[in-house]
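See below for the structure under consideration.
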Amino acid sequence: MVSWWNRKRAAQLAAAWLASRNPRKDSVERLQLDDVSPELDVYLGQAAYLQLSLYETMGRAGASAPTLSGRLVTGVLATTALERHRTIVGEIERTGGDPAALMAPHREAIDLFLERTSGADWYESMLTGYVTAGILNDLFGSLLRSLPADVRGRLKNVFDAREEAAVVEELTARIEEEPQVGSRLAMWGRRLVGDTLLVARSALASHAREDQERLEPVWTELIAAHTRRMDALGLTA
11 MVSWWNRKRA
21 AQLAAAWLAS
31 RNPRKDSVER
41 LQLDDVSPEL
51 DVYLGQAAYL
61 QLSLYETMGR
71 AGASAPTLSG
81 RLVTGVLATT
91 ALERHRTIVG
101 EIERTGGDPA
111 ALMAPHREAI
121 DLFLERTSGA
131 DWYESMLTGY
141 VTAGILNDLF
151 GSLLRSLPAD
161 VRGRLKNVFD
171 AREEAAVVEE
181 LTARIEEEPQ
191 VGSRLAMWGR
201 RLVGDTLLVA
211 RSALASHARE
221 DQERLEPVWT
231 ELIAAHTRRM
241 DALGLTA
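Here's what the structure looks like:
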């Protein structure tokens, strides 16, 4: 098992992230990610496997949806992740790379991450897809700024938020019908933060992973977007 994966570290990252919710004025500038971005092959391999795994996870979750509309929206999450995966794989193959070989080093950690965040039922699984994919898509989208211009141009729309409106509509409707679900999901959303930040941290260059001062603006930008997503559901981040 990879050494960075442990609950204590997740709690430490979550605490650092929460502290960044009131950032100093001098840390709100646009992120400069050139010195924390991984090599291109590492970036593409991890992003491709993450999207493939999200596709599989959301596909399984659909069977337990309480409504047909919920099942359809779970399918939206799954197919969007598959579309992203295929686009990233296409970029790997464009340069003659082997997608399976590039994804393999990330398999153990991401499989464990998705196992830990799978959720007890459809509601929690949907929030997992919404929250974890949202945070990680934000990060991978931001890291695009440091990739070669041609790659950046081809992948510029891969990590957009095309599926989020449908998820918000469906989950909001379910929360309105069952208010107690909202409280449970708010707690689950907070539970997801530490584990998701571990994956986010692993996506950065190895030399930058322990530099909290350098990474503070990274967490600040991610939490701001995450808070907006939770607000859209009427839940507290």
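Every number in the working numbering is 10 more than the matching position in the sequence shown, counting from 1. Where a beta carbon is used, it is the ideal one built from N, C-alpha and C, also for glycine.
Output the distance between the C-alpha atoms of residue i and residue j, rounded to the nearest integer angstrom.
| i | j | result |
| --- | --- | --- |
| residue 165 | residue 73 | 31 angstroms |
| residue 6 | residue 141 | With the chain running from 11 to 247 in the structure shown, residue 6 is simply not present. |
| residue 181 | residue 76 | 11 angstroms |
| residue 100 | residue 110 | 12 angstroms |
| residue 210 | residue 114 | 18 angstroms |
| residue 201 | residue 129 | 11 angstroms |
| residue 112 | residue 162 | 19 angstroms |
| residue 231 | residue 222 | 14 angstroms |
| residue 241 | residue 106 | 43 angstroms |
| residue 86 | residue 71 | 12 angstroms |
| residue 226 | residue 220 | 11 angstroms |
| residue 124 | residue 184 | 24 angstroms |
| residue 244 | residue 80 | 18 angstroms |
| residue 249 | residue 150 | Lying outside 11 to 247, the shown extent of the chain, residue 249 is not represented and no answer is given. |
| residue 229 | residue 126 | 21 angstroms |
Could you give the residue range of the alpha helix (DSSP H) that holds residue i?
| i | result |
| --- | --- |
| residue 9 | The chain is shown only over 11 to 247; residue 9 falls outside these bounds and no answer can be derived. |
| residue 49 | Residue 49 -> no alpha helix (DSSP H), and no H or E assigned at all. |
| residue 159 | 159-165 |
| residue 101 | 78-104 |
| residue 192 | 189-212 |
Reducing DSSP to helix, strand and coil, say where residue i ends up.
| i | result |
| --- | --- |
| residue 224 | helix |
| residue 108 | coil |
| residue 216 | helix |
| residue 128 | coil |
| residue 246 | coil |
- [ ] Determine, using beta-carbon pairs with one atom in the segment 49-64 and one in the segment 79-97, whether at least three such pairs fall under 8 angstroms.
- [x] yes
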